[in-house]
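If you count by the numbering used here, then the sequence shown holds residues 167 to 511, one letter each, in order.
The beta-carbon is built from N, C-alpha and C at its ideal position, and this holds for glycine as well.
Contents: one structure, followed by commentary.
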Amino acid sequence: MSAQAERKTENLPQWKQEEVDELSELLGEYESVGIVGLTGIPSKQLQDMRRDLHGTAELRVSRNTLQIRALEEAGYEDLVSHVEGHVGLIATNDNPFALYKELEASKTPAPINEGEVAPNDIVIPEGDTGVDPGPFVGELQGVGANARIEDGSIQVMEDSTVLEAGEEVSVDLANVLNELGIEPKEVGLDLRAVVAEGVLFDPEDLDIDVEAYRSDVETAAARARNLAINAEFPTESTVPTLVAKATGEAKSLGLQAAIEDEELMPDLVTKADAQLRALATQIDDEEALPEELQDVDAPAQPAADEGDEEEESADDQTEDEADAADEDDDDDDEDGASGLGEMFG
């Protein structure tokens, strides 16, 4: 506690000191502490809000001077400047983003009164007002709405902005809005600032689209993983894929080089059978295919190599691809194949 706050506390009456101590102790029990505005909230509704927060957060209301001293004693000096007007202290173990989201969701529409400042632009929407023809059409026009009598009722011909955010509500406008049942403001706990783990958050910092933020993080993570795989950068996440990709590429190379490896032999036999049958179909002779193979179904083609998603499966291999593969086999350098045979065992 600062020396100045200590001097102020020394001069407090006993009951005020007890109130400060109680508030300070309360703030020390929670991970996040904030200031909420209470202006315009009726007493009964405030009690309902406090009850709804039970189990999630604790709301305490006291004199501003006592709240300031409690904040200073608890080490929340950054919040002192936000104690202005009708405010209360809120404490929770939730993170600030969850607290802000909960308080915003709990707000309810409410009528606005004469002399209040519009929190946002007030718009009278286009459509039938449901009011019979009479003086009310003049009242609408008087506050700036494009209104006239049509089809036996008073109609607003287009969306009409009758007051901009920050401007004061007049008597006439308050009456018109009340007649139309328009509730242009929201009543609820208005989070002004919150401190968590020594960091001060303003409402602007907390007003985020959680789903969009989560989607952005997931997209960034997927792109980072893809980049790491393409760059062959080994991490706990990429190693299984890199190993699978390398295994697939090694197998593909072994098949193309016709290396007589025990693990490759089934695929080599299948490949040779496919090439033989493709060649037989190009010869105008029913006996072109050896007799012992004529009544034998072609073996299933090997699946696409693991780790190579863009490689076509052998089932989709065309006759031209089979011929090309055959030519590649004929052109393989014997010394190169021998060297690869030693490499793969």
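Asked: Whole-Å CB distance - residue 346 paired with residue 339, under 8 angstroms assumed; Found: At roughly 11 angstroms, the Cβ-Cβ gap does not stay under 8 angstroms, so residue 346 and residue 339 are not in contact.
Asked: Integer Cβ distance of residue 223 from residue 258, believed to fall under 8 angstroms; Found: 4 angstroms
Asked: Assigned exposure category for residue 449 - 16 Cβ within 10 Å defines buried; Found: exposed
Asked: Whether residue 408 touches residue 420 by CB criterion (7 angstroms); Found: no
Asked: Distance between beta carbons of residue 369 and residue 266, contact taken as under 8 angstroms; Found: 7 angstroms
Asked: For residue 273, three-class secondary structure by DSSP; Found: coil
Asked: For residue 372 and residue 263, the rounded distance between their alpha carbons; Found: 5 angstroms
Asked: One or two residues paired with residue 226 in a DSSP bridge; Found: 255
Asked: Exposure label - residue 401; buried when at least 16 CB within 10 Å; Found: exposed
Asked: As assigned by DSSP and simplified to three states, the class of residue 484; Found: Confidence in residue 484 is poor, its pLDDT being 37 and thus under 50, which makes the residue's placement unreliable; the coordinate value appears in the next sentence. Here residue 484 sits in coil by DSSP.
Asked: Cβ shell of residue 358 (< 6 angstroms), same chain only, five flanking positions each side left out; Found: 201, 203 and 248
Asked: Span separating the alpha-carbon of residue 309 from that of residue 182; Found: 49 angstroms
Asked: Buried versus exposed, by CB contacts within 10 Å (16 or more), residue 476; Found: With a pLDDT of 38 at residue 476, under the threshold of 50, the modelled position of that residue is not reliable, and the figure given next carries that caveat. With fewer than 16 Cβ atoms within 10 Å of its Cβ, residue 476 is classed as exposed.
Asked: Inter-residue CB distance, residue 198 and residue 362 (contact presumed, cutoff 8 angstroms); Found: 4 angstroms
Asked: Rounded straight-line distance, which links the Cα of residue 360 to that of residue 245; Found: 7 angstroms
Asked: Opening and closing residue of the alpha helix (DSSP H) in which residue 401 lies; Found: From DSSP, residue 401 is part of no alpha helix (DSSP H); its letter is neither H nor E.
Asked: At least 3 beta-carbon pairs within less than 8 angstroms: the region 385–395 vs the region 283–298; Found: no
Asked: Those runs of the alpha helix (DSSP H) which lie wholly inside the region 378–451 and span at least 4 residues; Found: 405–422 and 431–447
Asked: Under the three-state DSSP convention, the category residue 359 falls into; Found: strand
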